[in-house]
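Numbering (the working numbering), first residue to last: -13 to 143.
Ideal placement from N, C-alpha and C gives every residue a C-beta, glycine not left out.
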Amino acid sequence: MFFNMQRLLLYSIPTEGVYMKGVSPLIATALLLVITVAGAMMLYNYVVSSLSSPQQYASLNIVSAKLVKLDSGSVLSVRVANIGTAPATINEVILIPSSITSNITKQVAITIEPGVTKTVNVDLDEEAEQTPGTGKYYVILRYDGGETEPYPVTVVG
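Shown next, in the form of structure tokens:
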């Protein structure tokens, strides 16, 4: 009688005079095991991703740009900061005049370390006839991680 009463209390729930069978202990144990393993896997993935080292990237930001007109030609002076976490190598400096249909592109190889601001001077001697005295100019720097947004150039001289 005691065994049957205990079995009745453990394995069935009375509802309005009808006794319903509960989940078997084997299935309940398996279900708890699956939930525990899934939770452990999610916790492991979270910990591994949060403890991994951050990705290294280079990001250049133009601080100022000036186009100095001389008798012998022009010099483009661009002050640029590397706000990323990896060194960036500038490959091209592109001067975009608004009044001329073609851009002036100069190949350079200048490396800027993270957190450093550097001035890049580009001599435009052979392009002197292409750069008129008036008009708006924009500069873009192409580097190994992409390119900067067009930045307005101040014309001096």
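Task: Cβ distance (whole Å) where A44 is taken to contact G131 below 8 Å - done: As a position in the sequence shown, residue 44 is number 58, starting the count at 1. As a position in the sequence shown, residue 131 is number 145, starting the count at 1. 4 Å between Cβ atoms; contact.
Task: Euclidean distance between Cα positions of S10 and A16 - done: Numbered from 1 along the sequence shown, position 24 holds the residue referred to as residue 10. Numbered from 1 along the sequence shown, position 30 holds the residue referred to as residue 16. Whole-angstrom Cα-Cα distance: 10 Å.
Open item on the list: Please classify Y123 as buried or exposed, where buried requires at least 16 other C-beta atoms within 10 Å of its C-beta.
Closed with: On the sequence shown, residue 123 is found 137 positions in, with the first residue counted as 1. Buried: at least 16 other Cβ atoms inside 10 Å.
Open item on the list: Residues in the same chain with beta-carbon distance under 6 Å from K92, minus the five sequence neighbours each way, listed in chain order, please.
Closed with: The residue given as residue 92 occupies position 106 in the sequence shown. Correct list, in chain order: V79 and V108.
TODO: Out of L19, A24, S35 and V102, state which residue places its alpha-carbon closest to the alpha-carbon of V66.
DONE: Locating residue 66 in the sequence shown gives position 80, counting from the first residue. V66 has its Cα closest to that of V102, out of L19, A24, S35 and V102.
TODO: Just confirm the distance between the C-beta atoms of P73 and P100, as a whole number of angstroms; I'd bet it's less than 8 Å.
DONE: Indexing the sequence shown from 1 puts residue 73 at position 87. Indexing the sequence shown from 1 puts residue 100 at position 114. Yes, they are in contact, since the Cβ atoms of P73 and P100 sit about 7 Å apart, within 8 Å.
Task: Assigned exposure category for G143 - 16 Cβ within 10 Å defines buried - done: Position 157 of the sequence shown, counted from the start, is the residue given in the question as residue 143. Exposed, by the Cβ-count rule.
Open item on the list: I'd like to check one pair, L127 with S60: are the Cβ atoms closer than 7 Å?
Closed with: As a first step, residue 60 must be located in the sequence shown, where it is residue number 74. As a first step, residue 127 must be located in the sequence shown, where it is residue number 141. No, they are not a contact pair.
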